[in-house]
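One structure below.
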Amino acid sequence: VQLQASGGGLVPAGGSLRLSCAASGSIFSINLMGWYRQAPGKQRELVAVVYSGGGTNYADSVKDRFTISRDNAKNTVYTVYLQMNNLEPEDTAVYYCYTLLARGVVYWGQGTLVTVSS
Numbered sequence: 779v780q781l782q783a784s785g786g787g788l789v790p791a792g793g794s795l796r797l798s799c800a801a802s803g804s805i806f807s808i809n810l811m812g813w814y815r816q817a818p819g820k821q822r823e824l825v826a827v828v829y830s831g832g833g834t835n836y837a838d839s840v841k842d843r844f845t846i847s848r849d850n851a852k853n854t855v856y857t858v859y860l861q862m863n864n865l866e867p868e869d870t871a872v873y874y875c876y877t878l879l880a881r882g883v884v885y886w887g888q889g890t891l892v893t894v895s896s
């Protein structure tokens with residue numbers, strides 16, 4: 779599975795960004811896809827995840843501000859989006875998409891930097 783993330787950038791506090799992550803390859807075995815983030819000097823933390831059945835989970839810090847969704851209508855590409863609204867400087871981090879396959883293997887995409895200015 780290959781993951782291609784995009785959509786990061788610089789935004790003022792209160793603004794919005796949408797991240798995308800396109801998975802290709804053995805997408806039929808995807809159990810879930812999601813996003814982690816890592817801020818400078820901090821550990822990587824889970825932001826949001828969407829399961830193959832459609833259920834979602836969010837970190838408490840982003841609930842009601844971030845929305846994760848998926849588009850698996852195409853047979854060859856499985857895309858996950860992270861809509862981020864009302865961004866805060868504390869959201870500044872490198873965001874990584876990942877996927878967990880049915881056989882327990884995890885794949886990571888390259889990080890995309892989100893910078894929120896105060």
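Under this note's numbering, the first residue of the sequence shown is numbered 779, with each subsequent residue one higher.
Where is the CB? At the ideal position from N, CA and C, for every residue including glycine.
Residue range of the unbroken beta strand (DSSP E) whose run includes residue i
| i | result |
| --- | --- |
| residue 881 | Careful: residue 881 lies outside any beta strand (DSSP E) and carries neither H nor E. |
| residue 851 | Residue 851 -> no beta strand (DSSP E), and no H or E assigned at all. |
Bridge partner(s) assigned by DSSP for residue i
| i | result |
| --- | --- |
| residue 844 | 862 |
| residue 779 | None; residue 779 has no bridge partner. |
| residue 784 | 798 |
| residue 790 | 895 |
| residue 826 | 813, 836 |
When the options are compared against residue i, the one with the closest alpha-carbon
| i | options | result |
| --- | --- | --- |
| residue 888 | 875, 826, 820 | 875 |
| residue 860 | 807, 835, 847 | 847 |
| residue 803 | 877, 893, 895 | 877 |
| residue 821 | 809, 882, 872, 791 | 872 |
| residue 885 | 815, 810, 792, 819 | 810 |
Burial state of residue i, where buried means 16 or more other Cβ atoms lie within 10 Å
| i | result |
| --- | --- |
| residue 870 | buried |
| residue 806 | exposed |
| residue 813 | buried |
| residue 907 | Residue 907 is absent from the model: the chain starts at 779 and stops at 896. |
| residue 854 | exposed |
Using 8 Å as the cut-off, can you tell me whether the region 852–866 makes contact with the region 785–799, which would need three or more C-beta pairs spanning the two stretches below that distance?
yes
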